[in-house]
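Participant:
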Amino acid sequence: MKSVARSAYLSDFDDDPTSIRATLGSLIRGPALAVELETPLAEVRRMLVASRVPAIAVVDDKSSLVGLVTRTDVLRHCDDECTAADAMSGFVFALPIESTIEKAAALMAHEGVGQVVITRNGNELAGMISALDIARHFAIEAGYLAGD
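Using the numbering used here, you'd call the opening residue of the sequence shown number 653 and step up by one each time.
(1) Quick check: the Cα distance between Gly-795 and Cys-734, rounded to an integer number of angstroms?
(2) Just verifying my parser: in three-state terms, what is the DSSP assignment at Gly-774?
(3) Which whole-angstrom value is the C-beta distance of Leu-693 and Val-726, which I expect to be below 8 Å?
(4) Give the DSSP bridge partners of Ser-741, in chain order.
(5) Based on the DSSP secondary-structure assignment, which residues constitute the bridge partners of Ser-782?
(6) Less than 8 Å between the CB atoms is what I'm expecting for Leu-685 and Val-705, so what's the real figure, rounded?
(7) Please report the straight-line C-alpha distance between Asn-775 and Ala-787, rounded to a whole angstrom.
(8) By the three-class DSSP mapping on this structure, what secondary structure does Ala-757 have?
(9) Is it buried or exposed for Met-740, if we count other Cβ within 10 angstroms and need 16 for buried?
(10) So Thr-771 packs on Ala-746, CB below 8 Å; how close in whole Å?
(11) Could you name the residues of the same chain whose beta carbon sits closer than 6 Å to that of Glu-750, not counting the 5 residues immediately before and after it, in chain order?
(12) In whole angstroms, give me the CA-to-CA distance for Gln-767 and Leu-759.
(13) Could you name the residues that DSSP lists as bridge partners for Leu-747?
(14) Under a Cβ-count criterion, where at least 16 other Cβ atoms within 10 Å of its own Cβ denotes burial, should Arg-728 be classed as buried or exposed?
(15) Between Pro-683, Ala-757, Glu-754 and Val-769, which lies nearest to Pro-748 when the distance is taken from Cα to Cα?
Right, here's the structure in full:
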């Protein structure tokens, strides 16, 4: 089974408790979509299209995060006999909900990933943010877009 990993790169960041930077919790628009390991890939594909999200979390029978199925993963595994477990990326970048948006942007840029899973209380799935969510945040901050 694939396992969730956290980047060693994260240890290079020091959280500044006096920082006024926005946290990842402010970007989460709702609960992250999640499927179980044995969910058919055809169902995962339908969920990705219907929800217009770039990835769906994969959880085990204890609801612990074990992986991520991205649009690219679905394209690579076109066989409808496959399950989420067959197609998922087990190496997932995750940050706690208290982390800053800047930290998430740096992680995505450094690791070359388009989304980061947001956790609370260790490995509990709180949500997911994409590079587009971060770009939208900064566009709103700069006055180029109206906020929600």
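Positions of the beta carbon are idealized from the N, C-alpha and C atoms, including for glycine. Bear in mind the structure is a predicted one, so any value in this text is a computation, not a measurement.
Facilitator: On the basis of the coordinates in this document:
(1) 44 Å
(2) coil
(3) 7 Å
(4) Leu-720
(5) Gln-767
(6) 6 Å
(7) 26 Å
(8) helix
(9) buried
(10) 5 Å
(11) Thr-675
(12) 10 Å
(13) Ile-770
(14) exposed
(15) Val-769
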